[in-house]
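Chemist: The working numbering puts the first residue of the sequence shown at 1, with every later residue one more than the last.
Yeah, the Cβ is synthetic: ideal placement off N, Cα and C, and Gly gets one too.
Treat the numbers as computed from the prediction; the structure is a model and nothing was measured.
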Amino acid sequence: MITRSDRKKWIRRLAIGAGLILSVLLILYMTLRQGMLDRAIDRVETSFHARFGGQLTIRDAHFSDWRSVALDGISIVSPQEDTLFSLSHFMVRLRVLPLFTGRVLPASVSMSDGGLRVVYCDSLETNYHWLSGGTSAVTQPRVQKRDNLNDRVGRLIDALFRWLPDEVDILQVGLLVDYVGNEYQLIADQVDMRQGRIAATFSMNSPLLRQQGQVRGTVNRRGRQFDLTLSGEDGRHLTLPGAYEMAGLWTALADARISLSGFQADTGHLHVQLEGQTDKLYVSHPRLSDSLVTLPLLAMASSWEIGPQSIALDSTSTWTVDQVSGRMGARLQLHPSRSLGLLVRMPSTSSEAFFASLPTGMFRQLEGLETEGRLSYSFDFFLQEDSLDNTVIRSRLTPDQFRIIRYGRADLGKMNRTFLHEVYESDRKVAQFLVGPENPDFIPLELISPFLRQAILTCEDPSFFSHHGFLEDAIRESLIQNVREKRFARGGSTISMQLVKNVFLNRKKFLARKIEEILLVWLIEGQRISTKERMYEVYLNLIEWGPGIYGIGQASSFYFNKPPDQLDLSESIFLASIVPKPKKYRWYFEGDQLRPQWQEFNRFIANRMASRGLIPPVDSVGFTGQITLLGPAAG
Numbered sequence: 001m002i003t004r005s006d007r008k009k010w011i012r013r014l015a016i017g018a019g020l021i022l023s024v025l026l027i028l029y030m031t032l033r034q035g036m037l038d039r040a041i042d043r044v045e046t047s048f049h050a051r052f053g054g055q056l057t058i059r060d061a062h063f064s065d066w067r068s069v070a071l072d073g074i075s076i077v078s079p080q081e082d083t084l085f086s087l088s089h090f091m092v093r094l095r096v097l098p099l100f101t102g103r104v105l106p107a108s109v110s111m112s113d114g115g116l117r118v119v120y121c122d123s124l125e126t127n128y129h130w131l132s133g134g135t136s137a138v139t140q141p142r143v144q145k146r147d148n149l150n151d152r153v154g155r156l157i158d159a160l161f162r163w164l165p166d167e168v169d170i171l172q173v174g175l176l177v178d179y180v181g182n183e184y185q186l187i188a189d190q191v192d193m194r195q196g197r198i199a200a201t202f203s204m205n206s207p208l209l210r211q212q213g214q215v216r217g218t219v220n221r222r223g224r225q226f227d228l229t230l231s232g233e234d235g236r237h238l239t240l241p242g243a244y245e246m247a248g249l250w251t252a253l254a255d256a257r258i259s260l261s262g263f264q265a266d267t268g269h270l271h272v273q274l275e276g277q278t279d280k281l282y283v284s285h286p287r288l289s290d291s292l293v294t295l296p297l298l299a300m301a302s303s304w305e306i307g308p309q310s311i312a313l314d315s316t317s318t319w320t321v322d323q324v325s326g327r328m329g330a331r332l333q334l335h336p337s338r339s340l341g342l343l344v345r346m347p348s349t350s351s352e353a354f355f356a357s358l359p360t361g362m363f364r365q366l367e368g369l370e371t372e373g374r375l376s377y378s379f380d381f382f383l384q385e386d387s388l389d390n391t392v393i394r395s396r397l398t399p400d401q402f403r404i405i406r407y408g409r410a411d412l413g414k415m416n417r418t419f420l421h422e423v424y425e426s427d428r429k430v431a432q433f434l435v436g437p438e439n440p441d442f443i444p445l446e447l448i449s450p451f452l453r454q455a456i457l458t459c460e461d462p463s464f465f466s467h468h469g470f471l472e473d474a475i476r477e478s479l480i481q482n483v484r485e486k487r488f489a490r491g492g493s494t495i496s497m498q499l500v501k502n503v504f505l506n507r508k509k510f511l512a513r514k515i516e517e518i519l520l521v522w523l524i525e526g527q528r529i530s531t532k533e534r535m536y537e538v539y540l541n542l543i544e545w546g547p548g549i550y551g552i553g554q555a556s557s558f559y560f561n562k563p564p565d566q567l568d569l570s571e572s573i574f575l576a577s578i579v580p581k582p583k584k585y586r587w588y589f590e591g592d593q594l595r596p597q598w599q600e601f602n603r604f605i606a607n608r609m610a611s612r613g614l615i616p617p618v619d620s621v622g623f624t625g626q627i628t629l630l631g632p633a634a635g
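Structure follows, in structure tokens:
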């Protein structure tokens, strides 16, 4: 029987034995570690050269203490002797506890003087393509496996925080991009992270600009969350280097904040919350607007759910643009069928706050507009790639006791009286004329052939006199056709939208212009500023109908040498058919005869007009669709 005293002796002996074994192992480790490190470095350098042909060099590697490794003079050089990466000094200290489970994780990292240098001249001339040419000794057949999206993102976020050191010290380490002869630099001048707090200063240099900024915030590695603020030095704005030279995009912001929290993984889904805010953002791009766009306060608090093959933005997520707030949700399905859903809601909001919050530079014709009342907005969208006929588009800007007190830059009532219309092409004024009875070419609506009036409506906007400026079905059908054909094959503009574009806006195809066009139409139609009859009369008297031919008065004379009230059915349908491309009217003909496809189109329009009761059925019987040019156009 083992007594208590014997048990204590055995425990003491075991402790001494374990201590001796650990001491021997520690002595062996301290004695052999440098040789093991040197051999490991040699293997890595040899393997890198064998696989890629370039040179990975580490001039010196040593232990600075029992769990810290320092590497000096690190470089990666291409087979053409072009340096891709260099670092003067790198040191890593390992976490102790993970070592007992076989995991090697950094507790602290420091590095200085160096970085990555990328050269891009074209797709075939770079300094990094040689890295993609590596081959392994044995090529294994690849097995195609669909990896769940939530698993991939979860592993990425988990690895990011797991490998994030508790302490980081970086001095003068950066990225240099040589893009077609222009150099862009992002340099971490100093990064210091300790006890969950990060303070960093950085420089961004380009051929056009040199700037400095800073990052401040907190990082919680165990909680998988961060809260960071980006700002320019001394309150100066920061721009994205290279974006203007490479893509024509110029942006600037004074500060921005972003945070990630709520990281949680359960069966089949990953949850994360993202918040972001910037007080003012400046954007300039030739596809957006022809002037600098200023976005006021922007903020978003979003909850995301990532599934095996989907990404969803919870509909409780909120957004803020200056004085206006709302909520939004979205869902992108990747498999088995790709689909996209989106909803946006803006609760009842002061109309004054709504128009004051519009980005300046995007809505120039609305600047100075004064209103009263309230507005609410809802938008619903759904598109499924293999079921396009079920596409949903619904957009509603709903007024409540809303009215216009004073027009802004654009006089929205100008169409109710004679006004001067100017036509620009490529920023050059090519024509100007009065739209009204003072102009001898102006034709009142009642003096225009009914055939022409109905033909234009049939071709351009059959519901013009019944809709309120927009046709969601037309926009929906346009989107479906464009997606099917994978190109812009069809537009969804109504006559109201075409008229507003001609009267109030330029012809440049900006995103801002299209959105402004929609708002102007909503105001004019919703407030009944002009009657439908007057809008249609103005439309027919100012649209382009040929090279230098504007309005139905000139068009009727140019093509058929007759007044508009004498146009017959075939002539009217022809004039309606060339509205989309008036300068190319000669393309419709072979010699002095309409091409067969356009004769067929004219017959189709005539039959449609007859089926809708717009013309007597007898007028479409035997209708050939052929016309004879009699005016100056014939020459």
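Buried or exposed, going by whether 16 or more other CB atoms sit within 10 Å of the CB of residue 421?
Modeler: Position 421 of the sequence shown, counting from 1, holds the residue named residue 421. Residue 421 is buried by the Cβ-count criterion.
Chemist: Taking the alpha helix (DSSP H) that residue 454 belongs to, which residues open and close that run?
Modeler: For the purposes of this step, residue 454 is taken as residue 454 along the sequence shown, with counting starting at 1. First-last of the alpha helix (DSSP H) with residue 454: 450 to 460.
Chemist: So residue 305 packs on residue 337, CB below 8 angstroms; how close in whole Å?
Modeler: In the sequence shown, the residue the question calls residue 305 occupies position 305. In the sequence shown, the residue the question calls residue 337 occupies position 337. At roughly 19 angstroms, the Cβ-Cβ gap does not stay under 8 angstroms, so residue 305 and residue 337 are not in contact.
Chemist: Output the boundary residues of the alpha helix (DSSP H) element that contains residue 599.
Modeler: The residue given as residue 599 occupies position 599 in the sequence shown. From DSSP, the alpha helix (DSSP H) with residue 599 extends over 596 to 611.
Chemist: Which residues does DSSP pair with residue 49 in a beta bridge?
Modeler: Looking up residue 49 in the sequence shown gives position 49. According to DSSP, which records beta bridges pairwise, residue 49 is partnered with nothing at all.
Chemist: Take the Cβ of residue 121 as the centre, count every other Cβ of all protein chains shown within 10 Å, and call the residue buried at 16 or more, exposed below.
Modeler: Against the sequence shown, residue 121 aligns to sequence position 121. With fewer than 16 other Cβ atoms within 10 Å, it is exposed.
Chemist: DSSP three-state call for residue 229: helix, strand or coil?
Modeler: Indexing the sequence shown from 1 puts residue 229 at position 229. The answer is strand: DSSP assigns residue 229 an E or B state.
Chemist: Touch check for the segment 497 to 516 and the segment 548 to 564: three-plus C-beta pairs under 8 angstroms?
Modeler: The segment 497 to 516, when compared against the segment 548 to 564, does not touch it at the 8 angstroms Cβ threshold.
Chemist: Is the segment 601 to 618 touching the segment 521 to 540 in the sense that three or more CB pairs, one from each, lie closer than 8 angstroms?
Modeler: In short, these stretches do not touch, since the Cβ pair count stays below three.
Chemist: Rounded to whole angstroms, what's the CA-CA distance from residue 211 to residue 186? Just pull it up for me.
Modeler: Locating residue 211 in the sequence shown gives position 211, where the first residue counts as 1. Locating residue 186 in the sequence shown gives position 186, where the first residue counts as 1. Residue 211 and residue 186: Cα-Cα distance of roughly 10 angstroms.
Chemist: Can you give the Cα-Cα distance for residue 258 and residue 317, rounded to whole angstroms?
Modeler: Your numbering for residue 258 matches position 258 in the sequence shown. Your numbering for residue 317 matches position 317 in the sequence shown. One C-alpha to the other measures close to 15 angstroms.
Chemist: From the DSSP output, which residues share a beta bridge with residue 326?
Modeler: Working through the sequence shown from its first residue, we reach residue 326 at position 326. In DSSP, residue 326 forms a bridge with 319.
Chemist: Who are the Cβ neighbours of residue 335 in its own chain at under 6 angstroms, not counting the five residues just before and after it?
Modeler: What you label residue 335 is simply residue 335 of the sequence shown in a count that begins at 1. 309, listed in sequence order.
Chemist: Considering only C-alpha positions, which residue in the set 429, 329, 288 and 323 is nearest to residue 301?
Modeler: Position 301 of the sequence shown holds residue 301. The option with the nearest alpha carbon to residue 301 is 329.
Chemist: Cβ atoms of residue 542 and residue 448: under 8 angstroms apart, would you say?
Modeler: If you number the sequence shown from 1, residue 448 lands on position 448. If you number the sequence shown from 1, residue 542 lands on position 542. Against a cut-off of 8 angstroms, the Cβ pair of residue 542 and residue 448 comes out as no contact.
Chemist: Does the distance from the CB of residue 108 to the CB of residue 166 come in under 8 angstroms?
Modeler: As a working note, residue 108 is residue 108 in the sequence shown. As a working note, residue 166 is residue 166 in the sequence shown. Contact flag set, yes.
Chemist: Thinking C-beta only, is residue 569 closer than 8 angstroms to residue 451?
Modeler: Counting from one through the sequence shown, the residue named residue 451 turns up at place 451. Counting from one through the sequence shown, the residue named residue 569 turns up at place 569. Contact flag set, yes.
Chemist: Taking just the CA atoms, how far does residue 51 sit from residue 87?
Modeler: Here residue 87 corresponds to residue number 87 of the sequence shown, with the count starting at 1. Here residue 51 corresponds to residue number 51 of the sequence shown, with the count starting at 1. The alpha-carbon atoms of residue 87 and residue 51 are separated by roughly 22 angstroms.
Chemist: Under three-state DSSP, which class holds residue 202?
Modeler: On the sequence shown, residue 202 is found 202 positions in, with the first residue counted as 1. If DSSP states are grouped into helix, strand and coil, residue 202 belongs with the strands.
Chemist: Short of 7 angstroms in beta carbon distance, which residues of its chain neighbour residue 397, apart from the five on each side in sequence? Order them along the chain.
Modeler: Here the question's residue 397 lines up with position 397 in the sequence shown. Hits under 7 angstroms: 375, 377 and 522.
Chemist: Can you give me the Cβ contacts of residue 497 inside the same chain, cut-off strictly under 8 angstroms, excluding the 5 residues immediately before and after it?
Modeler: Taking the first residue of the sequence shown as position 1, residue 497 is located at position 497. If we look at residue 497 and ignore the five residues flanking it on each side, its Cβ neighbours are 469, 470, 517, 518 and 521.
Chemist: Using CA atoms only, rank isn't needed, just tell me which of 381, 413 and 320 is closest to residue 369.
Modeler: As a first step, residue 369 is located in the sequence shown; it is residue number 369 there, counting from the start. When only C-alpha atoms are compared, the closest one is 413.
Chemist: Residues bridged to residue 284 by DSSP?
Modeler: Looking up residue 284 in the sequence shown gives position 284. According to DSSP, which records beta bridges pairwise, residue 284 is partnered with 250.
Chemist: Can you look up residue 427 in the DSSP assignment and give me helix, strand or coil?
Modeler: To locate residue 427, count along the sequence shown from 1; it is residue 427. DSSP places residue 427 in coil when its eight states are reduced to three.
Chemist: What three-state label does DSSP hand residue 148 in the structure shown?
Modeler: Here residue 148 refers to the residue found at position 148 of the sequence shown. Of the three classes helix, strand and coil, the one that applies to residue 148 here is coil, per DSSP.
Chemist: Express the C-alpha separation of residue 352 and residue 254 in angstroms, rounding to a whole number.
Modeler: Reading the sequence shown from its first residue, position 254 is the one you call residue 254. Reading the sequence shown from its first residue, position 352 is the one you call residue 352. Spanning the two alpha carbons is a distance of roughly 26 angstroms.
Chemist: Is residue 198 near the ligand FMN, in the sense that its beta carbon is under 7 angstroms from a heavy atom of that ligand?
Modeler: With respect to the ligand FMN, the structure shown offers nothing to examine, as it has no ligands at all.
Chemist: Please list the terminal residues of the continuous alpha helix (DSSP H) segment that includes residue 521.
Modeler: Here residue 521 refers to the residue found at position 521 of the sequence shown. Its alpha helix (DSSP H) spans residues 511 to 526.
Chemist: Helix, strand or coil, according to DSSP, for residue 540 in the structure here?
Modeler: Along the sequence shown, one-based indexing puts residue 540 at 540. DSSP places residue 540 in helix when its eight states are reduced to three.
Chemist: On a CA-only basis, which of 401, 557 and 72 is nearest residue 350? Give me that one, please.
Modeler: One-based indexing of the sequence shown puts residue 350 at position 350. Selected option, being the one with the closest Cα: 401.
Chemist: Where does residue 468 sit, in a helix, a strand or coil, going by DSSP?
Modeler: Counting from one through the sequence shown, the residue named residue 468 turns up at place 468. Looking at residue 468 - three-state DSSP - the assignment turns out to be coil, as it is neither helix nor strand.
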